[in-house]
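Student: The structure is given below, and queries will be raised subsequently.
Right, here's the structure in full:
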């Protein structure tokens, strides 16, 4: 077990990821794209070729994946829709989806505003996240795509850090524990 | 009282903002930059000249202001730091700040990770948000800048929708009630 940062390189950008203690088991590297335009841009550039070309809408989730998906949308012209983790007062007829299992044993609920759900209907949808771990959140997002009447064509993640059940295209594997 | 959308133009981009019912008093136009790269880019372009040129770090807050601040950082090269509204497990020595008053009577707490607080220390900081209303959140962010040892040089917002106590540079005024 070590406190040393974990080094990651995407394109020409290298970051020393801080590691955080998880329980008493060990440490995990922490990806933080928020606040880091240079790294976010490098990741978006690298992720772009992994996006299925038939994608008509990207679906992401607050909060950490937000600048990345924005940057990817900027590069591809493909619009994106955001799933929230709290009910917003302005939502109309939201789709509500429980996340099946959480690593930390905390229950989480996803909210997709009805206005946004209708923009997935009949569309080819790719899920975009920064990190996929157990895949619970992505699984709930897949259910949302389905319930909204969209057609899921792929899941892409910058990093894989665990064993998700569904196929995911990703740039790099991160250790789950160091 | 009407259900008609409220039209806003920034640069060459026009959006019909949906309006949402607030209590029994009336409706307010809802700004949503998330998921809208074209509008976010237009707002960032327009906001750029309002950013005090001496700014060394921008401070923003989750969630709606995130793509805008990312876009502004992309354009200016000025880095940004994000205040969260929930404690994250990875935070170390976070600064915790109550939002003094909330429009809806809900108490809110802001969290600034210690790592990020230290990146404000001794720096000229500008607060960036999408919408400033009563100014409670911005006031709490000002306190955070102060407590982190930063020097506040300005507050910029895309839209003003209320009567904040502090001076704010903004693009347009939105009606508080229609």
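Chains as they are written, first to last, in my numbering: chain A, 588 to 765; chain B, 588 to 765. Yeah, the Cβ is synthetic: ideal placement off N, Cα and C, and Gly gets one too. Since the structure is predicted, the reported quantities are computational estimates derived from the model, not experimental observations.
1) Measure the alpha-carbon distance for residue 768 (chain B) versus residue 658 (chain B) and round it to whole angstroms.
2) Give me, in chain order, the residues of the same chain whose beta-carbon lies closer than 6 Å to that of residue 588 (chain B); leave out the 5 immediate sequence neighbours on both sides.
3) Check whether the Cβ of residue 737 (chain A) lies closer than 9 Å to any Cβ atom in chain B.
4) Can you tell me whether residue 588 (chain B) is helix, strand or coil according to DSSP?
5) Any idea if residue 594 (chain A) is buried or exposed, counting beta-carbon neighbours within 10 angstroms, 16 or more meaning buried?
6) What's the gap between the Cα of residue 738 (chain A) and the Cα of residue 713 (chain A)?
7) Give the single residue among B:697, B:758, B:591, B:610 whose Cα lies nearest to the Cα of residue 673 (chain B).
8) Taking the straight line between their C-alpha atoms, what separation do you get for residue 605 (chain B) and residue 763 (chain B)?
9) Around the Cβ of residue 656 (chain A), are there at least 16 other Cβ atoms within 10 angstroms (buried) or fewer (exposed)?
10) Have a look at residue 611 (chain A) and residue 765 (chain A) and give me their C-alpha separation to the nearest angstrom.
11) When the distance is taken between beta carbons, is residue 607 (chain A) closer than 9 Å to residue 599 (chain B)?
12) Establish whether the CB of residue 588 (chain B) and some CB of chain A are separated by less than 9 Å.
13) Which two residues bound the contiguous beta strand (DSSP E) that contains residue 645 (chain A)?
14) Of the residues B:645, B:694, B:750, B:652, which one's Cα is nearest the Cα of residue 711 (chain B)?
15) Using a Cβ-Cβ distance cut-off of 9 Å, determine whether residue 674 (chain A) contacts chain B.
16) Could one say the Cβ of residue 592 (chain B) lies closer than 9 Å to chain A's Cβ atoms, at least one of them?
17) Alpha carbon to alpha carbon, how far is residue 663 (chain B) from residue 757 (chain B)? Give it in angstroms, no decimals.
18) Beta carbons nearer than 8 Å to chain A: which residues of the segment 694–726 of chain B have them?
19) Please report the distance separating the alpha-carbon of residue 636 (chain B) from that of residue 686 (chain A).
20) Taking only the alpha-carbon atoms, compute the straight-line gap between residue 618 (chain B) and residue 591 (chain A) and give it to the nearest angstrom.
21) Given a cut-off of 9 Å, decide if residue 722 (chain A) and residue 749 (chain A) are closer than it, judged by their beta-carbon atoms.
22) For residue 679 (chain B), count neighbouring Cβ atoms within 10 angstroms of its own Cβ and tell me buried if that reaches 16, exposed if not.
23) Any chance you could list the beta strand (DSSP E) runs of at least 3 consecutive residues sitting entirely within the segment 615–672 of chain A, in chain order?
24) If you run the structure through DSSP and keep just helix, strand and coil, what is residue 579 (chain A)?
25) Is DSSP giving residue 594 (chain A) helix, strand or coil here?
26) For residue 732 (chain B), name the three-state secondary structure that DSSP assigns.
27) If contact means a Cβ-Cβ distance below 7 Å, which residues of the segment 641–661 of chain A contact chain B?
28) Distance, Cα to Cα, residue 627 (chain B) vs residue 753 (chain A)?
29) Check whether the Cβ of residue 671 (chain B) lies closer than 9 Å to any Cβ atom in chain A.
30) Is there at least one Cβ from chain B nearer than 9 Å to residue 757 (chain A)'s Cβ?
31) Could one say the Cβ of residue 596 (chain B) lies closer than 9 Å to chain A's Cβ atoms, at least one of them?
32) Suppose the cutoff is 8 Å on Cβ atoms and the five residues either side in sequence are ignored; what does the same chain contact list for residue 641 (chain B) look like?
33) Taking Cβ positions only, does residue 681 (chain A) come closer than 9 Å to chain B?
34) Could you tell me which of A:603, A:650, A:694, A:643 sits nearest to residue 709 (chain A), measuring between CA atoms?
Tutor: The structure says:
1) Given a span of 588 to 765 for chain B in the structure shown, any question on residue 768 (chain B) remains unanswerable.
2) On the second chain, residue 588 (chain B) is found 1 positions in, with the first residue counted as 1. At residue 588 (chain B) the pLDDT is 44, less than 50, meaning the model places this residue with poor confidence; the figure from the coordinates comes in the next sentence. The answer, listed in chain order, is 613.
3) Translated into the one-based positions of the first chain, residue 737 (chain A) becomes position 150. Cβ-Cβ to chain B under 9 Å: no for residue 737 (chain A).
4) Here residue 588 (chain B) refers to the residue found at position 1 of the second chain. Below a pLDDT of 50, predicted positions are generally treated as unreliable, and residue 588 (chain B), at 44, falls in that range; the measurement from the model is reported next regardless. Looking at residue 588 (chain B) - three-state DSSP - the assignment turns out to be coil, as it is neither helix nor strand.
5) For the purposes of this step, residue 594 (chain A) is taken as residue 7 along the first chain, with counting starting at 1. The residue is exposed, with fewer than 16 neighbouring Cβ atoms inside 10 Å.
6) Numbered from 1 along the first chain, position 151 holds the residue referred to as residue 738 (chain A). Numbered from 1 along the first chain, position 126 holds the residue referred to as residue 713 (chain A). Each residue's Cα considered, the two are about 9 Å apart.
7) The residue given as residue 673 (chain B) occupies position 86 in the second chain. The shortest C-alpha separation from residue 673 (chain B) is found at B:697.
8) The sequence position of residue 605 (chain B) within the second chain is 18, counting from 1. The sequence position of residue 763 (chain B) within the second chain is 176, counting from 1. In a straight line, the C-alpha of residue 605 (chain B) is about 13 Å away from that of residue 763 (chain B).
9) For this step, residue 656 (chain A) is matched to residue 69 along the first chain. Buried, because 16 or more other Cβ atoms sit within 10 Å of the Cβ of residue 656 (chain A).
10) On the first chain, residue 611 (chain A) is found 24 positions in, with the first residue counted as 1. On the first chain, residue 765 (chain A) is found 178 positions in, with the first residue counted as 1. The straight-line gap from Cα to Cα measures roughly 12 Å.
11) Locating residue 599 (chain B) in the second chain gives position 12, where the first residue counts as 1. Locating residue 607 (chain A) in the first chain gives position 20, where the first residue counts as 1. Cβ atoms of residue 599 (chain B) and residue 607 (chain A): not closer than 9 Å.
12) What you label residue 588 (chain B) is simply residue 1 of the second chain in a count that begins at 1. For residue 588 (chain B), the predicted structure reports a pLDDT of 44, less than 50, and the residue's modelled location is therefore unreliable. A value from the coordinates is still provided. Chain A contact via Cβ: absent.
13) Within the first chain, residue 645 (chain A) is the residue found at index 58, counting from 1. Where residue 645 (chain A) is concerned, the enclosing beta strand (DSSP E) stretches over 644–648.
14) For the purposes of this step, residue 711 (chain B) is taken as residue 124 along the second chain, with counting starting at 1. Minimum Cα distance to residue 711 (chain B) is reached at B:645.
15) Taking the first chain and counting its residues from 1, the one referred to as residue 674 (chain A) is at position 87. Answer no: the Cβ-Cβ gap between residue 674 (chain A) and chain B never drops below 9 Å.
16) By 1-based counting over the second chain, the position of residue 592 (chain B) is 5. No, no contact with chain A.
17) Reading the second chain from its first residue, position 170 is the one you call residue 757 (chain B). Reading the second chain from its first residue, position 76 is the one you call residue 663 (chain B). The alpha-carbon atoms of residue 757 (chain B) and residue 663 (chain B) are separated by roughly 18 Å.
18) 702, 703
19) Here the question's residue 636 (chain B) lines up with position 49 in the second chain. Here the question's residue 686 (chain A) lines up with position 99 in the first chain. Whole-angstrom Cα-Cα distance: 43 Å.
20) Along the second chain, read from residue 1 onward, the residue named residue 618 (chain B) stands at position 31. Along the first chain, read from residue 1 onward, the residue named residue 591 (chain A) stands at position 4. Their Cα atoms are separated by approximately 43 Å.
21) Numbered from its first residue, the first chain carries residue 749 (chain A) at position 162. Numbered from its first residue, the first chain carries residue 722 (chain A) at position 135. Taking 9 Å as the Cβ cut-off, residue 749 (chain A) and residue 722 (chain A) qualify as a contacting pair.
22) Here residue 679 (chain B) refers to the residue found at position 92 of the second chain. By the 10 Å Cβ count, residue 679 (chain B) comes out exposed.
23) 644–648, 667–670
24) This structure cannot settle anything about residue 579 (chain A), because the visible part of chain A is limited to 588 through 765.
25) Within the first chain, the letter at position 7 stands for residue 594 (chain A). Reduced to three states, the DSSP call for residue 594 (chain A) is strand.
26) In the second chain, residue 732 (chain B) corresponds to position 145, counting from 1. Three-state DSSP puts residue 732 (chain B) in a helix.
27) 649, 650, 653, 654, 657, 660, 661
28) The residue given as residue 627 (chain B) occupies position 40 in the second chain. The residue given as residue 753 (chain A) occupies position 166 in the first chain. Cα-Cα distance, rounded: 32 Å.
29) On the second chain, position 84 is the one that residue 671 (chain B) refers to. Closer than 9 Å to some Cβ of chain A, the Cβ of residue 671 (chain B) qualifies, so yes.
30) Within the first chain, numbered from 1, the residue matching residue 757 (chain A) stands at position 170. Output row for residue 757 (chain A): interface = no.
31) On the second chain, residue 596 (chain B) is found 9 positions in, with the first residue counted as 1. Not closer than 9 Å to any Cβ of chain A, the Cβ of residue 596 (chain B) fails to qualify, so no.
32) For the purposes of this step, residue 641 (chain B) is taken as residue 54 along the second chain, with counting starting at 1. Within the same chain, residue 641 (chain B) has close Cβ partners 711, 740.
33) Along the first chain, read from residue 1 onward, the residue named residue 681 (chain A) stands at position 94. Chain B contact via Cβ: absent.
34) Walking along the first chain from the start, residue 709 (chain A) turns up at place 122. When only C-alpha atoms are compared, the closest one is A:643.
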